[in-house]
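In the working numbering, the protein residues as written are 186 to 698. For every residue, glycine included, the Cβ atom is placed at its ideal position computed from N, Cα and C. Working notes, structure below.
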Amino acid sequence: MSKAFAGALLCSTVFLVAAPAEAQKAQDTLRVAYKVPISTTDIYYDPQPEMALTSAAVFDMLVAFDAKTKTLRPSLAESWKQVTPTVIEMKLREGIKFHDGSPFTADDVVYTLTYITDPKSNLRSTALWSFIEKVEKIDDHNVRITTKSPTPYALARLAAATPIFPKAVHSRLENKADFGRRTPIGTGPYKVVSVDASSGIKLVRNDDYKPAGSWNARARIKNVHLLPMPDPQTQIAQLLTGGIDIILESPKDQSEQLTTMPNITSTAVGNTVYTYMLFDAAGRSGVEPLTKPEVRRALAMAVDRPLLAKAIMAGGDMVKVVDAPCSPAAQVGCVATPIKFKHDPKAARDLLAKAGYPNGFDVQITTLTGAEKLGEAIAGQLRAIGVRASMDHTTFVAFRTKQTAGKFQILVAHYSSGGTSDVNSVLQTYLENESRDYWRDKELAKLATASAIEMDPKQRDDLLRQTFDMMNDKTLLLPLTTFPAVLVHTTDLVLPQVSTIFTGPEFNNIAWK
């Protein structure tokens with residue numbers, strides 16, 4: 186949307202903002218715009234980013250990650266014990282009921298975890314739980330989870346988008362896709378009133394909800410209405426005329442324009458998302474200069490990370506420069522020695538010349554949706570040292586096709602870590618899938634593999650620090666910034682400032698002033 190159009194829209198709607206917002210507060214209804222089509226509440230069936238918010242409202246998981254303290258907390262599981270490096274025993278909370286009044290038991294846990302790990306279920310994300318060997322019922326309120334190998338990140342994975350479904354309801358459905366749209370019954374802080382592809386999803390507070398602690402809070406707002414609204418201009422118009430209360434993931438220019446309006450503000454929410462610049466050090470794309478460490482270091486020195494954090498990224502002071510490809514505020518294991526080199530264009534040019542490229546070279550930067558402006562800014566900084574950087578802005582489908590084909594030269598993107606509060610998902614992304622590995626570094630892969638099975642937290646942190654430091658020493662990847670979710674909303678709302686859900690905070694943690 187152009188600034189002229191935005192200004193006209195803002196001016197024309199000033200008088201419309203306050204009254205509708207106050208009316209919705211009086212009705213105790215929070216209205217949120219979703220960019221993606223709405224057809225289900227089942228994140229296993231439709232793992233879209235915004236679906237994580239819906240899932241967290243309706244369903245509970247076995248454990249919860251408390252983003253404020255960076256610790257795992259009870260949720261449906263009251264406690265757990267690592268019996269052996271490959272066996273976890275969990276004691277489940279008693280007295281928990283599903284929204285239909287039926288009791289939550291070990292049968293539901295065994296059923297759900299078996300369902301999501303069964304290849305026959307044909308779920309898109311089955312690989313996320315591939316570490317699970319089997320799940321057993323000890324009694325009605327105790328279960329045993331056996332992993333295929335020592336898995337220090339197992340609980341973190343169970344705390345991220347792993348809702349527990351009622352066996353009695355889900356198992357009877359011939360078409361499992363019907364569960365999320367026709368019979369979505371969970372144990373979470375909100376109950377589903379209706380699911381409609383046209384009008385959205387309506388939720389109502391579960392007044393019988395029993396939180397495990399402050400990290401599992403009761404819902405503050407009674408009603409939530411999730412509205413399908415893919416067009417950004419429509420979202421803006423609806424916010425300004427009182428049709429919605431929150432816009433999720435607002436870019437910098439949009440949020441800055443909208444917050445000049447009376448009764449409109451924004452909140453930056455820290456999450457697991459970070460931005461990065463990846464180099465094809467293995468030479469898969471055929472760009473020979475990138476295989477040289479001196480060239481990669483020169484390119485990294487050309488990038489002014491603090492400037493990018495301030496000028497390009499939305500979120501103000503919540504945006505931090507990072508020294509590892511992870512989010513220190515929301516992830517365990519995000520440890521690295523601070524990067525030694527600084528932004529220095531002259532030294533970068535000298536290093537390029539020393540490496541044999543005094544006149545620079547041609548290189549293409551690929552960006553993923555949401556990182557276009559970041560990529561363009563970096564391209565400008567590379568051109569300043571004589572590197573002729575061109576751009577290729579891709580859709581997600583084109584991104585995956587190009588990635589698998591080995592066509593990335595430089596990639597500027599963001600990654601959510603799958604909302605997981607452990608950095609193992611980061612290392613898996615870059616190193617465990619051959620089609621995504623642009624480094625082919627056996628020494629680094631060995632360190633990452635060791636960290637993935639080390640159960641002692643201190644020893645694991647040491648391995649992770651060595652892994653991230655090696656990435657930096659070899660300049661395989663340049664960590665850039667955190668990428669908080671910036672939500673634009675009416676001023677009568679209070680939002681928390683940290684969440685592991687990368688699109689925004691849990692609805693039960695949002696309140697009226």
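What residue range does the alpha helix (DSSP H) around residue i cover?
i, result
"Q156", "Residue 156 lies beyond the residue range present for the chain, which begins at 186 and ends at 698; the question has no answer from this structure."
"I421", "P417 to L425"
"F581", "F581 to T589"
"P491", "R490 to A496"
"M486", "P478 to A487"
"R342", "A339 to L343"
"Y300", "A291 to T302"
"S240", "M236 to V243"
"N609", "N609 to L612"
"D654", "P642 to D658"
"H355", "K352 to H355"
"D251", "Element bounds for D251: not the alpha helix (DSSP H) but the beta strand (DSSP E), V248 to D251."
"E166", "One cannot answer for residue 166 here, as it falls past the ends of the chain, which runs 186 to 698."
"G371", "No alpha helix (DSSP H) contains G371, which DSSP labels as neither H nor E."
Within 10 angstroms of the Cβ of residue i, are there 16 or more other Cβ atoms? Answer buried if so, exposed if not.
i, result
"F581", "exposed"
"G541", "exposed"
"G280", "exposed"
"D438", "exposed"
"N391", "buried"
"K643", "exposed"
"R534", "buried"
"L358", "exposed"
"F200", "Caution is warranted here: a pLDDT of 46 is assigned to F200, below 50, making its placement in the model unreliable, and no coordinate value can be reported."
"M186", "Confidence is the limiting factor: at M186 the pLDDT is only 47, short of 50, which leaves the residue's position unreliable and the question unanswerable from this model."
"P234", "buried"
"Q588", "buried"
"V268", "exposed"
"A193", "Confidence at A193 is low in this model, with a pLDDT of 37, below 50, so its placement is unreliable and no value can be given for it."
"N693", "buried"
"V378", "exposed"
"G471", "exposed"
"K376", "buried"
If contacts are defined as beta-carbon pairs under 8 Å, then residue i and residue j qualify, I think. What distance do you get, rounded to the angstrom?
i, j, result
"V683", "K220", "Not a contact, Cβ separation roughly 22 Å."
"P396", "Y459", "Contact doesn't hold; Cβ gap of about 30 Å is too wide."
"P232", "S310", "5 Å"
"V243", "T225", "Actually they do not touch by this definition, with Cβ atoms about 11 Å apart."
"I370", "D245", "I370 to D245, Cβ: 12 Å. No contact."
"W314", "T302", "5 Å"
"T445", "H674", "Not really, about 15 Å apart at Cβ, beyond 8 Å."
"T685", "F250", "5 Å"
"T667", "S512", "6 Å"
Is it true that the CB of residue j sits closer than 8 Å to the CB of residue i?
i, j, result
"N401", "L388", "no"
"V354", "V320", "no"
"I406", "A218", "no"
"A707", "I228", "Shown here, the chain extends from 186 to 698; a query on residue 707 therefore has no answer."
"V248", "A362", "no"
"Q566", "D489", "yes"
"A637", "N618", "no"
"P413", "G385", "yes"
"T214", "H410", "yes"
"L663", "A562", "no"
"L261", "T368", "no"
"T271", "P337", "no"
"V454", "L680", "yes"
"A598", "A556", "yes"
"L665", "V480", "no"
"A483", "L537", "yes"
"Q516", "S602", "yes"
"P690", "V504", "no"
"D616", "A635", "Looking at the sequence shown, residue 616 is not Asp but Leu. No, these two residues do not count as a Cβ contact at 8 Å."
"S287", "P351", "yes"
"S606", "T457", "yes"
"I449", "T676", "yes"
"T660", "A521", "no"
"I678", "L433", "Contrary to the premise, residue 678 reads as Leu rather than Ile in this sequence. In this structure, L433 does not lie closer than 8 Å to L678 by Cβ."
"G398", "P523", "no"
What are the start and end residues of the beta strand (DSSP E) that includes residue i?
i, result
"D324", "I317 to D324"
"A375", "The amino acid occupying residue 375 in the given sequence is Tyr; Ala does not appear at that position. It spans Y375 to D381 - the beta strand (DSSP E) in which Y375 sits, taken as one unbroken run."
"E274", "V272 to L277"
"L553", "D547 to L553"
"V597", "I595 to Y600"
"L672", "A670 to T675"
"A532", "Unbroken run through A532 is the alpha helix (DSSP H), P530 to K539; no beta strand (DSSP E)."
"F464", "Y459 to F464"
"T331", "N327 to T332"
| Contact the segment 425 to 433 vs the segment 562 to 573: 3+ CB pairs below 8 Å | no
| said: Between the segment 447 to 467 and the segment 590 to 601, can you find at least three pairs of beta-carbon atoms closer than 8 Å? | reply: yes
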